[in-house]
Amino acid sequence: MGPLSREAWAQRLGAFRASPSAFMAGADGEDLGRDLLSDLRSEKLSEQTKVSLLALSLEYPAQLWPDVPAAEAAATSLLDTMVLLPPRPSALRRPLLLAATTVLASGGVLGPTSGASCRLLPLLLGLASGRDVGRGFGPISEQRPLQATACECLRELESCKPGLLGGILGLLRSLLGQKGPIQPLSLLLALALRNTLVVQPRSGASLQGLLMAGVSSTGSGPWDWTLAEEGHSHLQPQAPCWPAAEEGACALAVLEPSPEEVRELRAAVAQLLDTSYLLTPMAQAQLLWLLGWALRGLRGQTPALFKPQLVRLLGTAQLTLLHAVLALKAAFGEALFTAQDEALLLRRLTLAAQHPALPLPTHLFYLHCLLSFPENCPLGPEGEEAAPLLLGPQLCRGLMPSLLHDPMVLLSRLHLLCLLCAEDEEEEKGQVQNPQWYLEELLAGLQQRAALDGGPRVLATLCFQASYLVASCLARQPMMLTPLIQGLTQLYRARPVLAPHFVDLLDRVGPELEEPLRVVLQQEVVSRPGRDEALCWHLQMLAKVAERDAQSATLSFLQAAAAHCANWGLQQTLLRVCRVLLRGGGGPGLADLLQVLARQLEDPDGRDHARLYYILLAHLAGPKLGVALGPSLAAPALTSSLVAENQSFAAALIVQEAPAPIRLSVGPQRATGPLLVLQLQVEALEPVYSLELRFRVEGQLYAPLEAVHVPCLFPGRPAHPLFLPLQPRRPAPAQLEVRALYTTPTGITCHAHLPPLPVNFADLFLPFPRPPEGAQPGFFEGLWDSCLPKGAESRVWCPLGPQGLEALVSRHLEPFVMVAQPPTSYHIAIRLPPNSMLLLRLQSAQVDDGVPVALRTNDWAVLPLAGDYLRGLSVTE
Amino acid sequence: MAQRAVWLIRHEPGTPLCGTVRFSRRYPTVENRAKVFNGASYVPIPEDGPFLKALFFELRLLDDDKDFVECRDSCTHINKTSIYGLSVGNEELWPVVAFLKNGMVYATVPLVEQTLSPRPSLISISGISQGLELLFGIQDFLYSSQKNDTELNTKLSQLPNLLLQACPFGTLLDANLQNSVDNNNFASVSQPQKQPAWKAGTYKGKPQVSISITEKVKSMQYDKQDIADTWQVVGAVTCKVPVPPILGFYQMKEEEVQLKIKVNLKLHESVKNNFEFCEAHIPFYNRGPITQLEYKVSFGQLEVFREKSLLIWIIGQKFPKSMEISLSGTVTFGAKSHDKQPFDQICIGDTAYVKLHFSILDYTLTGCYADQHSVQVFASGKPKISAHRKLVSSDYYIWNSKAPAPVTYGSLLP
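From first to last, the protein sequence lines stand for chains U and A.
Residues in the first sequence are numbered from 1 upward in steps of one, following this note's numbering.
Residues in the second sequence are numbered from 878 upward in steps of one, following this note's numbering.
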């Protein structure tokens, strides 16, 4: 495709700008970046069109060249285009430099291995130092603006890679001293200096660069990639933008430059400040922010260098400059600003915040500055808005709010007034023009305006915002809250349509206002006749303010209102109030009302709904009812509110599947008999109530197991072991399936599957009743003989650990020992319910590493289990 | 200290989107820094369409504030500055500096060089004041000597190039965009001169220093026992005014279908009786058009704006020798048509005012002046020095004493 015409490009750029994402997703999207680069060299397009193309690459490089190779190629192409420009004046050189810089910096390409970076940086430095950079860089007339642009580009690169220019501080300084353009060089030097000082303690860089006037010729040029290459670490928010005095000291305290470096640094800063008056106010402000940040961390460096500038700056009428002075004040506090300076600043801010020649956003910003003023000796907690100490009532007089003000100004000034009232609390009352009285008047005015029938919503919103502000600042002053509550009640009486605002206010304010306001509003609503035009709003209000214990006045209001709830929406609102009362447990009156509603409401959905509530009220205990109705009502479906309601009940009333709330394990067995009992250890992972554990065994190996009940369990609290009686039908190990049924603290009933519990062969052992003393050998021999011929006999070699036979027996078989001749011979008798037995004769041999075991049982099926068990003993040892 | 993006959006009530983006500029290198600085709290700059919608909703410019919408109308959603948080998608874009002026919404998003949660205080963000200055600068450029839409369009088309000069990487270098216009036409400068670097072009005219003092006088006059009149002079070095320059009272009463009005004005004897202009505006809010007027003035002429329900009493350049003038009359109104006149929230019922507009040249109430012979200029060349003084009325109200009036703080009496 050949180059596009100007019109075609205009159309294409327009389509792109309207929605870049949509354009890039379209068919034309992929080629845009490539076409743009090639058409920059087309001879058919005018320079103006090419500038528009470059403007696009300045704004959307990430969309045009989305990956690193594409960005690198684009930057190379832009640099090539610049070299190819004929040596006459051209409007393209500046935007080409800016575009190449933007593409490199935003595409993540900038680095020592990027070819484009290694071409751009020396070019920028050459231009910035006013050197001859060769052909293609235009006539001499263009040198000066290009020099400034190159400085801007370097500054942007330094912003994106802090520390990059740390090596050319001295060069920049010497340029500034000679003939270079003051503003761009000043800003560049200040930024590089700031970054070096901020980066230095972290990476061991030094101010050495400041001492060298020329460019060092080491390696690949003066760029300090080591600092810049630590990626984004220097860009991490090192500290708040606002350089607070103490914070800065600890963040940068490690910096201790040599005396020579300090001297050079002071000279450089002084040089920058001395010529700063030549800069635009914007640039001066930037310089001050940068230098303020640079110097605040230097130990022992007094900020006195700024002092000569303050004489000029304290009187500034420039917004950004005044802001920068406030930043210096925050950074250096008393070290730079006397109490008189502070008073002067406050007076200037106070006047500027109301000066008729200044625009409204400026007034508002200055008011904000007043309430966040960085005082030398702040009293209140940090970060909270407060009236500065030196801002006396006299100074504030001009900043009092009035109904004539724009809403934002009014709120801002009202906040100040509230703060003054809060301070004034302790002081003498009834003085001339006391602010409390004025505040009352103002609120009354706001309420009157909000009460205007058909007035715009913004007036109502303003009134409620003001009320909120007053309530939150003056919550501890009942003197203020009483008239506020009265006024709001009157407002509701005049305009019930504002009910959503009232509900919102009640949701947000603290109990100091909420409680009393709720009570009076409820009285206000229920005193209305039920057929009020604003019934819908009254019901909405009542759903918020109704007492849970269903006062009779509320119920009779609802009863009267029911007759006028002609449409579905109103009925739903009415039922919402009932729901609120239900949650509190209702009462006899409520049951009557619900029955009436279930018969009387016109809409079948409403009737069903009322019936459901009645049934719930009649069948559920109070706390369960509260839980069932707890979560807020889901948005009612258009056809039936009951369906939506059911969704929320389902959660509360149906048993829900849940992850296991407890951990269960088989504890150490205490084989005492006569019955087999499994001891279980339980550990709660979350609080559970009314826990029921149900067990089941596959294949009917045991008789059905009883459920185990626990009243409650809490995490972290020790729990008693649980005892589970086992009635084996055969002496065989098994897996127990376990399920838990329980109630959560929120009252929901849940059901969980627990991991299966293993019942091992040894868990089924019981001892024989002990025969009288002396009769044991005979008893054992009797048992031994009884096993055959029906049973089975076997001989097993049981390996022994280092501790020998005695230890093995005492650890595993102690309860079952019938005849013992320690440490060499043991006769052991084990009962295996229901009617099996296992008899062992252990006789220590000469060899130390094992013991021969003779075993007999009356149940041949036990034999393999016993063999496994005995072999397993030595493993577990 | 940089901006991430800047917009100019024309407010067009009644159209589907209520506005169109007339200009926007994004700064991708700044955006990259925002991503790193803001970390997890970073919210990207949306495309123009979604931005317009979110901003207009927040500024209440969408013609749809019929219903209570919590995220806009909640009592805790308090805006005390022109800095907003916009909900874009599920996230909140903050801080957005924005204001509406002459039907144009100006907006910019400053870079915050730290995490946004918790939100840092506005005063600690250097980009806030810079953003405001940038928007003011653009506004000044658009509306300086601009008369109509064609000129506005021409100026808008110049903006991209000007910002390339004044704000190439999102960091504002000069809020005065006119300087950049001058720079754009750089003449050949062979030998750099000792002059501010931001003025690359040389100034060809005669050097001139002009010092002007403008005082603005505000006043609220109630003619009531329990409320004190107030006045305030701003712009002066000192303030020692014994009285407002013009004292007066206004009485208005509704009698059946018509209003009876009476206005008395008196110029204080110490004030220079030589106005550039002097007018008293008598508006009648929340009423229909004026259908009938009978009146008597002791001095000056009365102009009637029937449709606007407004009377303007043109007093002219001088008060008569007695220094006192009066106006009385009766006014009748037609039926009120809702859509024509906006609803006034202050002047309801008989609450009403007369507003004075005047200006006196070569005069200040405080006596403050600059002596042009005492001005020293430390520069080469001999600039011509001129000094001016002017007194201008600002919010100068005289309230109807027969009805309640909004009270300002200074006017409360014990």
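All residues carry an ideal CB built from backbone N, CA and C; glycine is no exception.
Nothing here was measured: the structure is a model prediction, and the numbers come from that model.
{"Check": "Quick check on this structure: which residue in A/Phe945, A/Val883 and A/Asp1051 has the alpha carbon closest to the alpha carbon of U/Ala460?", "Outcome": "A/Phe945"}
{"Check": "Output needed for U/Leu788: all residues of its chain with C-beta closer than 8 Å, excluding positions within five of it in sequence on either side, in chain order.", "Outcome": "Arg856"}
{"Check": "Per DSSP, what kind of secondary structure is U/His720 in: helix, strand or coil?", "Outcome": "coil"}
{"Check": "Within the 8 Å Cβ cut-off, does U/Gly29 reach chain A?", "Outcome": "no"}
{"Check": "Quick one, which of U/Met837, U/Ala386 and U/Val796 has its alpha-carbon nearest U/Gly872's?", "Outcome": "U/Val796"}
{"Check": "When every heavy atom of the ligand ATP is checked, does at least one fall within less than 7 Å of the C-beta of U/Phe16?", "Outcome": "Among the ligands in the structure shown, none appear at all, so the ligand ATP cannot be discussed."}
{"Check": "Name, going along the chain, the residues of the stretch 939-967 of chain A whose beta-carbon falls closer than 7 Å to a beta-carbon of chain U.", "Outcome": "Asp942, Phe945, Glu947, Asp950, Ser951, Cys952, Thr953, Ile955, Asn956, Lys957, Thr958 and Ser959"}
{"Check": "In whole angstroms, give me the CA-to-CA distance for U/Phe502 and U/Pro756.", "Outcome": "55 Å"}
{"Check": "Below 7 Å CB to CB, which residues in the same chain sit around U/Arg41 once its five sequence neighbours on both sides are set aside?", "Outcome": "Thr81 and Leu84"}
{"Check": "Determine the direct distance from the alpha carbon of U/Leu290 to that of U/Ala251, and round the result to whole angstroms.", "Outcome": "Only weak support exists for where U/Ala251 lies, its pLDDT of 43 falling under 50; the coordinates are left without a value."}
{"Check": "Output, in chain order, the set of chain U residues within a Cβ distance shorter than 7 Å of A/Thr906.", "Outcome": "Thr102, Ala105, Ser106, Glu156 and Cys160"}
{"Check": "Report all residues from its chain with a CB closer than 6 Å to the CB of A/Pro923; omit the five preceding and five following residues, and keep chain order.", "Outcome": "Val965"}
{"Check": "Buried or exposed for U/Val311, please, with buried defined as at least 16 other CB atoms from any protein chain shown within 10 angstroms of its CB.", "Outcome": "exposed"}
{"Check": "Counting along the chain, where does the alpha helix (DSSP H) carrying U/Ala330 start and finish?", "Outcome": "Leu319 to Phe332"}
{"Check": "Could you tell me the alpha carbon to alpha carbon distance between U/Ser217 and U/Leu121, rounded to whole angstroms?", "Outcome": "With a pLDDT of 42 at U/Ser217, under the threshold of 50, the predicted position of this residue should be treated as unreliable, and no value is reported."}
{"Check": "Below 8 Å on the Cβ atoms is my guess for A/Glu1153 versus A/Ile1223; work out the distance and round it to an integer in Å.", "Outcome": "With a Cβ gap of about 29 Å, A/Glu1153 and A/Ile1223 do not count as contacting."}
{"Check": "With burial defined as no fewer than 16 other Cβ atoms inside 10 Å of the residue's Cβ, what is the status of U/Val526: buried or exposed?", "Outcome": "buried"}
{"Check": "Would A/Asn915 and A/Val974 be called neighbours here (beta carbons separated by less than 8 Å)?", "Outcome": "no"}
{"Check": "Find out if the Cβ-Cβ distance for the pair U/Val696, U/Glu737 is shorter than 8 Å.", "Outcome": "This sequence places Arg at residue 696 of chain U; Val is not what is there. Taking 8 Å as the Cβ cut-off, U/Arg696 and U/Glu737 qualify as a contacting pair."}
{"Check": "With which residues is A/His1265 paired in a DSSP beta bridge?", "Outcome": "A/Ser1089"}
{"Check": "Just how far apart, CA to CA, sit A/Asp1221 and A/Tyr1162?", "Outcome": "6 Å"}
{"Check": "With a threshold of 6 Å on Cβ separation, who are the neighbours of U/Gly398 within its own chain once the five nearest residues in sequence on each side are excluded?", "Outcome": "Gln354"}
{"Check": "Comparing alpha-carbon positions, which option in U/Arg599, U/Tyr366, U/Ala610 and U/Asp39 lies nearest U/Arg908?", "Outcome": "Outside the modelled stretch of chain U, which goes from 1 to 877, sits residue 908 of chain U, for which no answer is possible."}
{"Check": "Mind pulling the chain U residues with CB within less than 7 Å of A/Met878?", "Outcome": "Gln286 and Trp289"}
{"Check": "I'd like the ranges of any beta strand (DSSP E) spanning at least 3 consecutive residues and lying wholly in the stretch 755-822 of chain U.", "Outcome": "792-799 and 817-821"}
{"Check": "Are the beta-carbon atoms of A/Pro972 and A/Ile960 separated by less than 8 Å?", "Outcome": "yes"}
{"Check": "In terms of residue numbering, what span does the beta strand (DSSP E) encompassing U/Ile830 cover?", "Outcome": "Ser825 to Leu832"}
{"Check": "When you compare the CB positions of U/Leu193 and U/Ala294, do they come within less than 8 Å of one another, or not?", "Outcome": "yes"}
{"Check": "Mind the definition here: the stretch 794-811 of chain U touches the stretch 724-735 of chain U only if three or more C-beta pairs lie below 8 Å; say whether that holds.", "Outcome": "no"}
{"Check": "On the criterion of 16 or more Cβ atoms from any shown chain inside 10 Å, does U/Val432 qualify as buried, or is it exposed?", "Outcome": "Its pLDDT being 48, under 50, U/Val432 is placed unreliably by the model, and nothing is read from it."}
{"Check": "Please list, in chain order, the chain U residues whose beta carbon lies closer than 7 Å to that of A/Ala911.", "Outcome": "Neighbours of A/Ala911 on chain U: none; closest Cβ ~10 Å, over 7 Å."}
{"Check": "By the 7 Å beta-carbon criterion, what residues does the stretch 402-423 of chain U contribute toward chain A?", "Outcome": "Ser402, Leu403, Leu404, Met408, Leu411, Ser412 and His415"}
{"Check": "Measuring alpha carbon to alpha carbon, tell me which residue in U/Ser794, U/Met818 and U/Val682 is nearest U/Ala861.", "Outcome": "U/Ser794"}
{"Check": "Considering Cα atoms alone, identify which of U/Leu172, U/Leu279, U/Arg576 and U/Ala534 is closest to U/His564.", "Outcome": "U/Ala534"}
{"Check": "Using a Cβ-Cβ cut-off of 8 Å, state whether A/Tyr1286 counts as contacting chain U.", "Outcome": "yes"}
{"Check": "Cβ atoms of U/Pro139 and U/Pro86: under 8 Å apart, would you say?", "Outcome": "no"}
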